[in-house]
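Just so we're aligned: the sequence shown equals residues 70 to 826 in this note's numbering.
Glycine residues also receive a C-beta, built at the ideal position from the N, C-alpha and C atoms.
The structure displayed is predicted, hence computed values, not measured ones.
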Amino acid sequence: MTHNLLNFLVIAVGLGCGGSNQPNPGSNSDTDSGTQNNSDSQGSQDSSDSGADPCADNASEEIAANAEWLILDGASEVTYSLAQGVLSNEWVGSYGTYDLNTVETAGGNGFKLERPGTVVGVSVRWDNITQDDQAATIQVWPDFGSDGYMWDLENPTTDATRCLNESDEGAWIDYALEDPIVVDQPLHVFAGYHRTEADDVPEILFEDTWVESEPYHAGIRFVGVDDELYHLGMASTWYTWQVRLAVVYEDEIADENKPFQVDDALTASSRVAWGDYDNDGDDDLMTNGPALYENNGDGTFTSVTSEIVTYETSSSGGVWGDFNNDGCLDYFGQGTSYTAGDLLLENSCNENDDGVYLLTDVTTASGIADLTDERDCDGNDEEEYSPTEGSAWFDVDGDGFLDLYAANYECSSDYDYFKNYDDRLWRNNGDGTFTDWSDVAGIPTSNQAGRGATTGDYDQDGDTDLFVSNYRLDANFFLENNADGTVSDIAGTNGTKGEYVSGAYGHTIGAVFGDIDNDGDFDMVHANLAHPFYYWFSDRTQVLINDGTGIFTDEADDRGIYYRETHSNPTLFDADNDGDLDLFITCVYSERDSDFYTNEGDGVFVLSNYESGLLVQNGWGAAVADFDNDGDVDMLAGGALYRNDGASLSNHLKVRAIGIGPEHGGGNVSAIGAVITVTDGTSVMLRDVSGGSGTGVQNSLTQHFGLGSIGSVDQVSVLFPGGTTVNVDDVDANQTIWIREDGTWLVGEEWPDWDTL
């Protein structure tokens with residue numbers, strides 16, 4: 070869709086994110102966001118800096134002939150410039166009245182490189198060249214949030230100057246970069262200008278239409294305008310500037326040569342849970358609907374929902390867990406609407422010897438009923454359901470039965486706008502029913518916007534703890550298990566609450582535990598949605614490193630994390646079987662790329678989107694499993710199944726923990742909450758069996774360890790919920806080992822016969 074400038078020239082900036090009467094084009098309904106500004110320099114470019122030759126031409130060389138031009142302009146022949154005074158000269162903002170034509174301004178286009186390359190030049194059309202030998206300087210900036218219209222204004226990558234004459238006005242002027250810019254991933258590069266004064270300076274022409282897209286491809290920064298609210302002043306999507314970018318691309322890597330390949334065996338929604346519901350040794354998949362896909366064991370799936378699943382209400386995302394300890398996985402599905410409740414499906418466990426594992430709706434009989442009168446989203450003064458955005462199974466009271474946590478979200482209607490629902494903890498009574506245990510356990514009732522729930526025995530003390538991701542600038546919860554049926558929120562003391570700036574925290578969506586630096590303790594990744602224009606008080610995505618005592622420190626910058634506006638769900642998994650955890654983070658909003666990072670072995674990540682093949686746009690949840698049992702970890706993200714073909718030649722080990730249940734004095738049969746450690750000499754690899762992570766997603770309960778060239782490991786150790794530890798020594802690579810809580814174990818790909826253990 071194109072939009073005409075003339076309809077907007079007399080009002081503010083048109084479709085900007087500035088004043089209270091202006092919509093925010095890049096953030097959907099999320100008008101706040103949460104991280105600190107970590108930039109050190111003020112990079113405003115002024116061609117008349119003291120002591121500099123005002124017309125030192127450094128960009129007049131010819132641009133390389135093999136350069137490819139990236140062109141965004143051309144939708145219209147009608148152009149304007151700020152020198153023509155086309156914007157409002159009395160724009161009323163939140164903190165003052167401004168002349169938008171004369172304030173300090175930066176404008177430019179955001180070019181998305183399709184693969185790695187080198188930026189070698191820029192071409193620009195100028196207006197308002199008022200004299201001969203007048204300096205006209207362009208700048209090239211790195212991306213800032215990947216929204217397509219904001220860039221890192223304080224830290225330009227380079228600038229280039231041409232000395233122009235009045236006759237050059239309106240012509241395309243080429244700038245060859247003295248220092249070409251290497252861009253090693255498909256990222257945005259911004260090119261444009263930054264002028265601090267508006268008197269008789271060249272202005273770049275812009276068109277009177279813009280093409281609606283997301284990320285937007287052009288922007289303007291009004292520096293100092295309402296900067297009490299906006300980072301470096303008001304920013305807006307903008308009509309396309311007359312700027313082009315010259316790139317020399319590197320050789321293309323053919324899709325078929327990348328390690329991750331899209332597999333058409335399955336397409337599903339992005340909220341997915343892997344689990345072996347039929348106990349045949351391979352992971353099946355449940356997704357929104359609910360919709361169940363049975364793994365056929367040969368790399369294909371069969372949709373079995375209509376034959377297998379009986380349900381009364383739909384769900385969006387959810388988690389597997391054997392709540393009745395009969396040896397078969399049951400399923401909890403999230404009701405994300407206030408008009409429909411949650412869902413509990415009980416697995417028949419093939420009780421009738423008919424060879425079919427039926428999943429039956431037992432929600433009503435279980436007592437899980439999240440009806441509430443705390444909000445009135447539909448305005449009818451009646452009870453409604455709490456929308457559940459995240460969920461997780463864990464044994465809060467140590468009785469061997471899985472309890473259930475539901476992270477409840479917000480009411481976004483006109484009646485109780487952005488008021489939030491309290492979370493719920495459902496205690497498993499051991500007889501198929503559940504009791505609301507929220508008050509007894511001490512679940513915080515501070516009305517935060519719950520978005521995700523992630524389990525893990527972070528302190529390896531034999532009970533399972535829980536992290537709750539909260540949205541809408543709310544503080545997160547870190548619920549430490551007190552081993553008596555209660556929890557304590559320690560987020561404020563262990564570094565996981567979020568960065569508190571000016572009364573706000575952040576928008577945390579998904580989170581995951583994992584030993585990022587292989588030092589034997591659990592670190593965390595929090596995926597935060599952080600809008601660039603609120604950068605000064607935003608919580609960007611955090612990589613929280615455990616100091617060994619349970620205190621977490623954010624080291625995202627030092628660990629190599631690239632700033633994305635809309636990070637959603639993080640997944641830690643060993644993608645290349647080299648023994649360390651790599652990182653994948655989805656991004657929401659259309660055309661927003663996910664991020665895949667390879668771990669360098671010391672917990673430092675390197676962005677590797679292009680060469681991996683794991684490039685997902687507008688993802689939400691993501692989850693991993695070795696669905697084809699070929700020895701490497703595959704992923705489902707953004708609705709697509711990505712088969713890993715790149716790590717199969719390296720050695721691996723898969724470990725499945727099995728509890729013996731409270732009937733035999735043990736913990737839950739799913740072994741959710743177990744910690745598995747693999748050691749070889751001085752190396753340590755740590756995994757946790759999770760009852761849920763992110764925002765209604767779940768990885769396989771089978772834990773995967775990449776071993777590289779190692780042919781065997783010294784020991785596999787499983788710490789079960791309740792404190793029992795089972796060690797197995799001298800385990801060969803390239804097999805699956807099943808370890809039971811009573812100390813028995815065996816090797817094999819299929820679910821073992823209970824009588825053989």
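First through last residue of the beta strand (DSSP E) which encompasses residue i
i    : result
G176 : 174–181
D243 : 241–252
N498 : That residue, N498, is in no beta strand (DSSP E); it is neither H nor E in DSSP.
G35  : Nothing in the structure corresponds to residue 35, since the chain is present only between 70 and 826.
Y711 : 709–713
E363 : 360–364
N597 : 592–598
Y474 : 472–477
T336 : 329–336
N796 : 794–801
V685 : Run containing V685: none; DSSP gives neither H nor E here.
Whole-angstrom distance between residue j and residue i, CA atom to CA atom
i    : j    : result
D422 : D347 : 13 Å
L492 : A476 : Sequence inspection shows Asp at residue 492; the Leu mentioned does not correspond to that position. Taking the straight line from one Cα to the other gives about 5 Å.
V82  : H595 : Any reading at V82 must be qualified, since the residue scores a pLDDT of 35, below 50, and its modelled position is unreliable; the value itself is stated next. When rounded, the distance between both Cα atoms is 34 Å.
A229 : F259 : 14 Å
T199 : V581 : 58 Å
Y540 : Q203 : 50 Å
L314 : G682 : 26 Å
L815 : V341 : 29 Å
P731 : T640 : 31 Å
F463 : D450 : 34 Å
D142 : G707 : 31 Å
N197 : V693 : 56 Å
D811 : L788 : 12 Å
N563 : R628 : 20 Å
I512 : N550 : 11 Å
D430 : E381 : 7 Å
E420 : G350 : 19 Å
F606 : H576 : 11 Å
G700 : T187 : 37 Å
S282 : G154 : 27 Å
I654 : H636 : 6 Å
I806 : F392 : 24 Å
T226 : F213 : 12 Å
S781 : A552 : 36 Å
N841 : I273 : A query on residue 841 cannot be resolved here, the shown segment of the chain reaching from 70 to 826 and no further.
A360 : G690 : 16 Å
V193 : Y167 : 28 Å
N497 : L412 : 15 Å
T206 : L151 : 16 Å
Beta-carbon spacing of residue i, residue j below 8 Å
i    : j    : result
R520 : I578 : yes
S778 : N720 : yes
G410 : T432 : yes
D333 : W820 : no
V744 : D526 : yes
L298 : S157 : no
I242 : W210 : no
Q403 : T441 : no
V753 : G589 : yes
Y426 : D439 : no
Boundaries (first-last residue) of the alpha helix (DSSP H) holding residue i
i    : result
E137 : No alpha helix (DSSP H) holds E137; the beta strand (DSSP E) holding it covers 137–140.
T374 : 374–377
S681 : 678–681
**Asked** Curious, which full-length beta strand (DSSP E) runs of at least 3 residues does the segment 223–311 contain?
**Response** If we require 3 residues or more, the beta strand (DSSP E) runs fully inside the segment 223–311 come out as 227–233, 241–252, 257–264, 278–280, 287–291, 303–306.
**Prompt:** Between the segment 339–358 and the segment 384–404, do at least 3 Cβ pairs fall closer than 8 Å?
**Reply:** Three or more Cβ pairs drawn from the segment 339–358 and the segment 384–404 lie within less than 8 Å of each other, which places the two stretches in contact.
**Length at least 3, wholly inside the segment 487–560: the beta strand (DSSP E) runs in chain order** = Within the segment 487–560, the complete beta strand (DSSP E) runs of at least 3 residues are 493–497, 503–505, 518–525, 534–540, 546–550, 556–558.
**Prompt:** Is the segment 321–339 in contact with the segment 168–177, if contact means three or more CB pairs nearer than 8 Å?
**Reply:** In short, these stretches do not touch, since the Cβ pair count stays below three.
**Prompt:** Using 8 Å as the threshold, is the segment 290–308 in touch with the segment 130–137, meaning 3 or more CB pairs across them?
**Reply:** They do not touch, by the three-pair rule.
**Meets three-Cβ-pair contact criterion under 8 Å: the segment 740–759 and the segment 664–673** = Pairwise C-beta distances place the segment 740–759 out of contact with the segment 664–673, as fewer than three of them are shorter than 8 Å.
**Item:** Start-end ranges of the beta strand (DSSP E) lying completely within the segment 622–671, minimum 3 residues
**Value:** Qualifying beta strand (DSSP E) stretches, in chain order: 636–642, 651–656, 664–668.
**Item:** Given 8 Å, three or more beta-carbon pairs between the segment 582–590 and the segment 608–621
**Value:** Short answer: they touch.
**beta strand (DSSP E) segments (min. 3 residues) lying fully within the segment 386–467** = Unbroken beta strand (DSSP E) stretches of 3 residues or longer found wholly inside the segment 386–467: 387–390, 399–402, 412–416, 428–430, 457–463, given in chain order.
**Prompt:** Does the segment 749–767 come within contact of the segment 796–803, defined as at least 3 CB pairs closer than 8 Å?
**Reply:** Contact fails: fewer than three Cβ-Cβ distances are below 8 Å.
**Request:** Go through the segment 736–760 residue by residue and report every complete run of the beta strand (DSSP E) that reaches 3 residues or more, in order.
**Result:** Along the segment 736–760, the beta strand (DSSP E) occurs as fully enclosed runs of 3 or more residues at 744–749, 752–757, listed in sequence order.
**Message:** At 3 residues or longer, what runs of the beta strand (DSSP E) sit wholly inside the segment 183–222?
**Reply:** Counting whole runs of 3 or more residues, the segment 183–222 contains the beta strand (DSSP E) stretches 186–196, 203–211.
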